[in-house]
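Listed below in structure tokens is the structure:
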């Protein structure tokens, strides 16, 4: 984020327009949208969850172990998804928007204050979502394509290449947007959940004893009697929960109501029936080499089921990719990520965006993981570590929101958060066993993203302090204009700056070099707030600093795309004398280290300078006409 953009770490009193969101369709339409946008990852978990548990236990996957695993899956879905996310986490919305960054903003913590650790938790949780994003498409598509091996072994050598081809096509398609395909996501996922439920019901009718798995003692007994292995199994059980964060993250696109109705009425029953059917079928005829999900289908239904599963996994992958795009935009506009180019792919649907840098980076890493691991059961070892960590961080932030925003007492908030945290920590510790098997990959990637976020914020703060030191007081600057007889030339100049109540260095330097100043000079600050949207009446704040010199602050929510020419048109309507076709001036800094800085600070400044040089241009981010932009270069020590 350049020095002329301001980002706030907490709420600033602006009221977001909670109902000006796309995707909040009522009734059946809203439920279909929820199925298509939110439940792709959770809905495709049955493809690999039980298979992973069987792989972990090997010959020890007896009838007791199978029923115990089903009991753990059942209660994990109830406690973590039905209770934690649907009842509590989704209540903590930031003017209708969700996601861990929105939850972080609700805590009211600031990076520069005592709540810095809360900001760090939110940022690290957001960074880990990128780690999840590079694994979800790989394991989902691989597990779907592997269904072909149930019908015939002829495709076995080609499973991985087919999956790679599908993934490359999926990422390549992103540049066209998903507005058209998105309309078909809901019906496809509805068909998927109905199919899963029917397959499960057919098996449960044949093996009704699996219903006894609702007894939580079966799961607890499995953990108690199998020692370390039983605890390790929690890492496999946790795969049934991956995608749970999407319920909260996508709340702004769909709405709380449709997400909850879809979960309790369609998704949860379908998942439970299918898991029960898989366990019942396996207990009746154990086969540790085949995927338990596809063993539910009759032979004639394998190929149609593989086709439907592939479509479902593509939708699941699409959801995590789109979520990564949205997360990037939020982090960027809150001042925690360097500017990257964002393309709006739909004029009607705000959430339909394309971020080329993130897309191609994720594609390269996802394809590399697919080739490197080769199969879904091996890739499952790397899956879950990042997601389980994010869930722990979400519960920690939720406790702060319970106390600060909801005004709950210590005992009330502590009892609920403590129960949820106990479950989260159990899964987190179980997933630590996966680190050596590949779990380190998403954790390392998330740590790198976190380092980038904090380094960018560190550099922006340092740049702001240097700019303040080079600025001038308004009276001193205006007196200088008169004493030096600075010529006021016709036209309007827009100087983009982060500073307010002082004359920014870009204007001071311009006057010193040009010995002139436009008759109308506007210091324009773009301020991104920690609420999703800003009311149109709160968009602009104008102040006349002195004769012919104005300061305009334009406010945007963290999910809005700024349009500066439109902002200036609105400012003209309320009295700022802006002429048509103004000239925009932006500073470009050549950043260098101070000699006395310590090695770590020098490294961070060097990384910040690299990111600043390669950040997206103002033309791309703020719809500034390229013919009207002039850059002023300067060297600055940080």
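In our numbering, the protein residues as written are 2 to 639. Using N, Cα and C, we set each Cβ at its ideal position, and we do this for glycine too. Bear in mind the structure is a predicted one, so any value in this text is a computation, not a measurement.
- Assignment of alpha helix (DSSP H) within the segment 87-170, counting only whole runs of 4 or more residues, yields 101-107, 117-146, 149-152 in chain order.
- When C-alpha distances from residue 237 are compared across 379, 544, 554, 606, the shortest belongs to 379.
- Where residue 496 is concerned, the enclosing beta strand (DSSP E) starts and stops at 488-497.
- Annotated three-state conformation of residue 223 is helix, per DSSP.
- A Cβ-Cβ distance of about 7 Å is found for the pair residue 313 and residue 189, placing them in contact under the 8 Å criterion.
- At a Cβ-Cβ threshold of 9 Å, residue 245 and residue 388 count as neighbours.
- In the three-state DSSP reduction, residue 254 falls in the helix class (H, G or I).
- The C-alpha of residue 310 lies about 14 Å from the C-alpha of residue 319.
- Residue 532 and residue 103 have their C-alpha atoms roughly 8 Å apart.
- Distance from the Cα of residue 275 is smallest, within the candidate group 259, 260, 289, 294, for 294.
- Here residue 486 has no same chain residue with a Cβ atom under 7 Å from its own Cβ, once five neighbours each way along the sequence are excluded.
- The DSSP-derived three-state label of residue 356 is coil.
- Taking 8 Å as the upper bound for CB-CB distance, residue 537 and residue 555 are not in contact here, some 11 Å apart.
- Nearest in C-alpha terms to residue 362, of all of 616, 134, 101, is 134.
- A contact is defined here as three or more CB-CB pairs under 8 Å, and the segment 64-74 meets this definition with respect to the segment 210-222.
- Burial is judged here by how many other beta carbons sit within 10 angstroms of a residue's own beta carbon; residue 265 has fewer than 16 and is exposed.
- Between residue 90 and residue 395 the beta-carbon gap is near 6 Å, inside 8 Å, which marks them as a contact.
- By the neighbour-count criterion, in which a residue is buried when 16 or more other Cβ atoms sit within 10 angstroms of its Cβ, residue 622 is buried.
- As computed with DSSP, residue 473 is found in a beta bridge with 504.
- The straight-line gap separating the alpha-carbon atoms of residue 328 and residue 127 is approximately 7 Å.
- Assigned with DSSP and collapsed to three states, residue 615 falls in helix.
- Within 10 angstroms of the beta-carbon of residue 285 lie fewer than 16 other beta-carbons, which makes it exposed.
- In this structure the segment 35-42 lies against the segment 240-258, because at least three pairs of beta carbons, one per stretch, are closer than 8 Å.
- Counted as a single uninterrupted DSSP element, the beta strand (DSSP E) harbouring residue 542 occupies residues 541-547.
- Within the model, the alpha-carbon separation for residue 315 versus residue 422 is close to 32 Å.
- With a threshold of 16 other beta carbon atoms within 10 Å, residue 52 meets it and is buried.
- Contact between the segment 165-175 and the segment 356-372 is established, with three or more Cβ pairs separated by less than 8 Å.
- Per DSSP, residue 525 lies in no alpha helix (DSSP H) segment; the continuous beta strand (DSSP E) that holds it begins and ends at 517-529.
- Only residues of its own chain outside the window of five on either side were considered, and among them 49, 377, 380, 381, 384 have a CB closer than 7 Å to the CB of residue 140, listed in chain order.
- The residue from 625, 122, 213 with its alpha-carbon nearest to that of residue 273 is 213.
- The closest CA to that of residue 491, considering only 477, 340, 79, 522, is found on 522.
- One thing to note: residue 67 has its Cβ within 9 Å of the Cβ of residue 280.
- Boundaries of the beta strand (DSSP E) around residue 551: 550-557.
- Scanning 358, 81, 413 for the CA closest to the CA of residue 176 turns up 358.
- The shortest C-alpha to C-alpha distance from residue 628 to any of 594, 584, 400, 231 is the one to 584.
- Residues of the same chain with a CB within less than 6 Å of the CB of residue 121, apart from the 5 flanking positions on each side, do not exist.
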